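These protein sequences, in sequence, are chains A and B. In terms of this note's numbering, the first sequence has 18 at position 18, counting the first letter as 1, and numbering is strictly consecutive. Plus 260 on top of the position in the second sequence (first one is 1) and you've got this note's numbering.
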Amino acid sequence: MPILKVFKNLISRRQVLFGLVIRNLNERYGGSSLGMLWVLITPFLIMLAISFVFGKIMGSEMPNLPLLILSALLPWFFFINSICESVNAFKQHKDILTQFAVPKEMIPLSIVISNLIIFLLSLAIMLPVFIISNNRVIYCLAVLPLLIILHFIFTLGISIIFSIVGVYFRDLAQVINVGVMFFFWITPIFYSSDMIPKGYAWLNLANPAAPYINMYRMLLYKGDFLDPYLWFFCIFFAVLSMVIAFYLIRLKSNDLLKNI
Amino acid sequence: MADVVVLLKDVWLKYRVDFKEHGKVSHEDFWALKGVNLEIGHGQTFGIIGENGAGKTTLLKVIAGMLTPDKGSVQVKRKISTLLEIGAGFQKELTGSENIYLISSLFGLKKEQIQARYESMVKFAALDRFINAPVKCYSQGMYMRLAFAIAIHVDPDILLIDDIFVVGDTYTQHKCMDKMFELREQGKTIIFVSHELELVKRFCRRGILLKDGSIIKDGQLKEVVGFYFKTIGDKKGIGILSGGRLGAVFNNGKLMLNWDDESLTKEQGGYLEVLSNGNSYSSLQADWQIIESSPGKVILEGRYWEIPILQICYLELSKDLHEIDFKVELEVKEGCTFQGCALIFMFREDYLQWFDPFSRELFNIIDFNDELSWTRVSSDKTDAGFIGLSGGAGTNCTLPSVVLEDDVVVSGKVLQVKNTDRVFKSRVLESRIMRKKNDFTMDKIGRRLLFHAKIRAFDTAEKLVRFAEDAPGLMIPKAISINNGLELTADVNHRISLYWEKKQITSSKGFQTSFYHNNQIYHSSDGLLKIHRVREGFLEATIEWDGLAIKQIWTFELLKDGLLRWRVFMEVSQKSKIKNNECNIMFRPEYGEWISSKDEGSISQELNATDCRDIIMINDPYGIIGLKTVKLDSLGLPSVLVHDKSNYLKFNSVWKSVDKNVSFYDSLHKTEQVTNINFLDLPSKEQVEFPIGAHLIYDGIILIASKNKQEDYKKIALTDKPPYSGSSKINTLSDDITIGETDYKFNFLKGRGRLFFKENEATSNFGIYTSLYSKDFHDTGRWYVSLEAIWEVLVFTKDRILVRGSWPYLPLVQTWEIKSKKNLFLWNVDMEVLETVNIAKQQAFFMASAQYESWSVADQEKQLFPEEFDLSEWKNLYRNKEIRRLNIYSEAPSVISSFPTFGFVSSQKENNFDAIVENANSIYKSRVIGFERTLDCQRIEPGLYKYFQGAIEF
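Here's what the structure looks like:
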């Protein structure tokens, strides 16, 4: 099984993966004096900003609006940052690919893991806030890891796809730049999915990221996890993205380095 | 092969290239590797060479597993580590130490493994405190050391190294190279790609040559490199000389020499170094282009980007194929300071012996310097005609001896043998020009031939000896001889000596010449003496001086009857002012008696240790000087006779002196007594300016008379006929001549006038003479007395004498005219100045016999001379008194009839002479009367001057 072989290879080279992740994190926070503390500070700053803008300026009366937004925003950051970094990943890690015999898929993998670490940290710092504001959330924590794993698989799949396509289709980076904005607004982040007018419900279906975001919101904000449809979509998109990703790896991994 | 670690089978790999032409984009497949088959055994050092774009790096990447071949299979059985790019993966913001952890983990090391090896890595990288500084602050060299340190500490079985040695300083490069050699010894498999062919050659045993993605040669690396040069070489900046056993490859500024398949040079081979503006520029930095190329001849042009200097190399393989001719011209395009230049050859350390014309020695046991400096091993003698190396053993054969010669005489050029530092570990032969202070010729715009080196290889010792015998510098004494025991040898110290029956007659300095040019004295011993042609009984030597358009050619010819003819030619290539040509023959100090055609004497005297010389002026009109030993000493040295046959009048003298002498064999400074015979050109109008061409300035015949021919020697010296056939100048020369019709006679002999009354000489010692005081350009003044001059008789009738005299080193000629009248002798002295000269005083004196006891001035009263001589305070000087006449009288009745009264009269119109009356010292015991003029303007321009006009009345 080629898929098993890929996994075996990855596991045997976990040291390299570890090094790459550290390298990625270093690249992001290495020069700054606060370093990884930014991961913890950022969500609070966002929360402050949201409550100021929506609470004071726009005068929204939604209860706990910052938490509503944050519960979607944190996983969204994880997802979108992974993809944006992956698009140029091979190009940026060329020196590593040509110097060290690293499996190609390890590059997007390391990026997604780095972002996952950041996401988990910020989630961990925010979790008490979510629990305090809605104590039902505490029951949902049992299923949260499952969601994170599905979300991770989905993000990894999309990242691998984009990183490989990005090598051959250089315009992808620009497309992503524009696409991020579009998907940001059609994804229920600053609003909940039930705010969408009936006629536009298909938007939710057309956006593969939406089920994950909605699911996070259910778990973290509403304290509810019983939505079979959403779970189905989460599993479906995760599997689909990985299948496509593996297909691309098989197809292109030999050819990749020649085109960077 | 049992233990194949890398196995490539028919590997094909393509790149897709997008061409954007005329707005259309087309894709084309470009095959970087075409069917590569490779088998590398465990522990092999494997080199991959080829042009840029031949697929070397691609092949490495395929082996490393980074690229997957489109066709074919790759098997790698051991752990691999790569060093393809320097600093790949480094995180600029992180410190060296953090990067060690990071990169090591990328290589797949666990944390514990890294910790265990950390110390060793840090030690190799040698970064000191910088290990804790961000790598963005690192220099290339530091970067490289760190990267290299990590790569080798991954503890791979196979190490792949791409062309990384182009960056970094030499320290780093050598440190890394050393480590690579160490790894090789440890039995690692190393696959190495480099453009430094010599490095690959030295490092790898096996290798392949790639061209356009295919292996075109696979085998021993030596052969592969050779094949590379033959096939791909002459594309750009690479010239090959081949055909015989000695071959050369000129590769972009460095010349590699090889003998059969062995390379003789290593590291940078032969290269040029130009020192300009305080920096040194190696020919390796230059951009080289081939102007002309054929198997036997290559012309290349190298351009520096940094300095406006163009170098042109002419390489030629001699017909006998054992010699490479290497000419280097430098063209200075625009003004730049130029401090020197060197042609350097780095040879293998296998050579154990070096030699130059003076010595042949083993290299020291402690060969190479630990510091990064090179040590000179050869002597500092500047005129070594060649240097060479021998005694080397190669892997398959003994290395041929190599010799470097350089024909071009450039001011400040030295040939040297050196040892490099430990890093290069090479023997160096170099021809170096160090610019002398105030030498601005180097800055001149234009093309100059600076080096004309010949590199010769000798496969047998006999050939080397034969070369050394014929070489311009001499390794083995060579001689010309005739059967009766006379032998002339030129030895390793460039001295030419004369032997008689194996006994040395000349001192160690032997034959010497000197001359003045541009207010400087040039000695033959300072020049570069080369012995050029030797045939039976004939030897020719040339002497060149740095930066001088003047060359001397000496010929020695053995004539019949034991005669040796020494001729000295002055060859001038541009009109030059030369004066005071001197030719010396330095004999052994045992010679203590001299003889000339008119006179003989002794020169034995005690000598001080310092350079004191008491010159005996012989002034033999025939130019004959003989020497014999004081007593027939145990050595039984023969008498010698030297006869100057040249057309010029010469001042000749003999002296004994102590000379310093350096012997190269024992390297001791020795002093040595010599008896010197000297022939000196007198100043004359014709000789001041030498026109272009060769001029014979000395033509001497040396006769050796053995013991039983002692009488012959005397006879020959005293006969009027010189011991050879040919014309002679003698008839015009001074002799003992007398005029005067009455009882009063005037006799002229060697610059002094003597007055006779009947049989009695009224004059004594110096007689009637002139004396002038002159300072030379060194500002040292001395008296020039007419007795020291050499005199020629121009006119001699019964009442008139016209003689001309000249002094050595004094550029003027004096003419005396003596006319006999009824009761007086008129004495006119004229002076012709040939060159501006300083004269402070001019005198005309009458030194009278001590029989004269009183004197008077003009018509005044008589006065008595004091009895004592040596009275320095007793001197009557009549300054500005217009005294024109001095008289002397004898008083005693017994002598009054024999010593009549004389009057010494000055009749010059512009009379500014001061009259003088004094006693001579107790040696001469004479009365002196005369006239002296002190000149106001001491600079006398060339021209004719009246010196003195007077008369002696009786």
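Quick reminder that beta carbons are idealized off the backbone N, C-alpha and C, glycines included. As the structure is a computational prediction, the values presented were derived from the model and not from experiment.
About 7 Å separates the beta carbons of B/Lys321 and A/Thr98, which is inside the 8 Å limit, making them a contact pair. The stretch 441–451 of chain B and the stretch 283–292 of chain B do not touch, with fewer than three beta-carbon pairs separated by less than 8 Å. Within the same chain, Cβ atoms closer than 7 Å to the Cβ of B/Ile1143 are found at Val1117, Ala1118 and Ala1175, the five residues on either side in sequence being excluded.
For A/Glu27, at least one C-beta of chain B is nearer than 8 Å to its own C-beta. Identification of chain B residues near A/Asp227 by a Cβ-Cβ cut-off of 8 Å yields none; the smallest Cβ-Cβ distance measures about 42 Å.
Secondary structure remark: continuous alpha helix (DSSP H) runs of at least 4 residues inside the stretch 36–60 of chain A, in chain order: 37–50. Here the C-alpha atom of B/Thr1023 lies approximately 34 Å from the C-alpha atom of B/Asn936. Judged by pairs of C-beta atoms under 8 Å, the stretch 214–230 of chain A touches the stretch 136–143 of chain A, as three or more such pairs exist. Residue state for B/Cys1197 is assigned as coil, using DSSP reduced to three classes. Taking each of A/Thr187, A/Ala209 and A/Tyr212 in turn and checking the Cα distance to A/Tyr200, the smallest one comes out for A/Thr187. Between the stretch 592–609 of chain B and the stretch 679–696 of chain B there are three or more C-beta pairs closer than 8 Å, enough to call the two in contact. Taking the beta carbon of B/Tyr541 as reference, no residue of chain A falls within 9 Å; the closest one sits roughly 33 Å away.
Looking at B/Glu747, B/Glu850, B/Asp959 and B/Gly861, the one whose alpha-carbon comes closest to that of B/Thr773 is B/Asp959. Looking at the DSSP output, B/Tyr564 sits in no beta bridge, so it has no partner there. Look at B/Ile421 here: in three-state DSSP terms it is strand. Secondary structure of B/Cys843 (DSSP, three-state): strand.
When secondary structure is reduced to three states using DSSP, B/Arg695 falls in the coil class, being assigned neither helix nor strand.
At a cut-off of 8 Å between beta carbons, B/Lys587 makes no contact with chain A.
For the stretch 87–103 of chain A, the beta-carbon criterion of a distance under 8 Å to any beta-carbon of chain B is satisfied by Asp95, Ile96, Leu97, Thr98, Gln99, Phe100, Ala101 and Val102. Closest by C-alpha distance to B/Tyr1033, out of B/Ser1080, B/Ala1104 and B/Asp667, is B/Ala1104. In this structure the stretch 1202–1209 of chain B does not lie against the stretch 1125–1142 of chain B, because fewer than three pairs of beta carbons, one per stretch, are closer than 8 Å. Interface criterion met: the Cβ of B/Lys370 is under 8 Å from a Cβ in chain A.
Relative to the Cα of B/Phe775, the nearest Cα in the group B/Lys769, B/Gly797 and B/Ser784 belongs to B/Ser784. Here the stretch 380–397 of chain B lies against the stretch 337–352 of chain B, with 3 or more beta-carbon pairs under 8 Å apart.
Within the DSSP bridge table, the entry for B/Ala713 names B/Phe586 and B/Asp666 as partners. Contact with chain A is absent for B/Tyr403, since none of that chain's Cβ atoms lies less than 8 Å from the residue's Cβ.
Think of a sphere of 8 Å around the beta carbon of B/Ile498: no beta carbon from chain A falls inside it, the nearest being about 29 Å out.
Contact between B/Phe1008 and B/Ile1078 holds, with the beta-carbon distance rounding to 7 Å and staying under 8 Å.
At the C-beta level, B/Pro416 and B/Lys316 stay beyond 8 Å of one another. DSSP lists no bridge partner for B/Gln599.
Straight-line measurement puts the Cα of B/Gln613 at about 6 Å from the Cα of B/Gly651. Against chain A, the CB of B/Phe367 has a partner CB under 8 Å away; the residue lies at that interface. The C-beta separation of B/Ile791 from B/Phe771 comes to about 12 Å, leaving the pair out of contact by the 8 Å criterion. Counted as a single uninterrupted DSSP element, the stretch harbouring A/Tyr212 is not any beta strand (DSSP E) but the alpha helix (DSSP H) occupying residues Ala209 to Arg217.
Nearest to B/Leu942 by C-alpha distance, out of B/Arg462, B/His434, B/Leu724 and B/Trp1051, is B/Trp1051.
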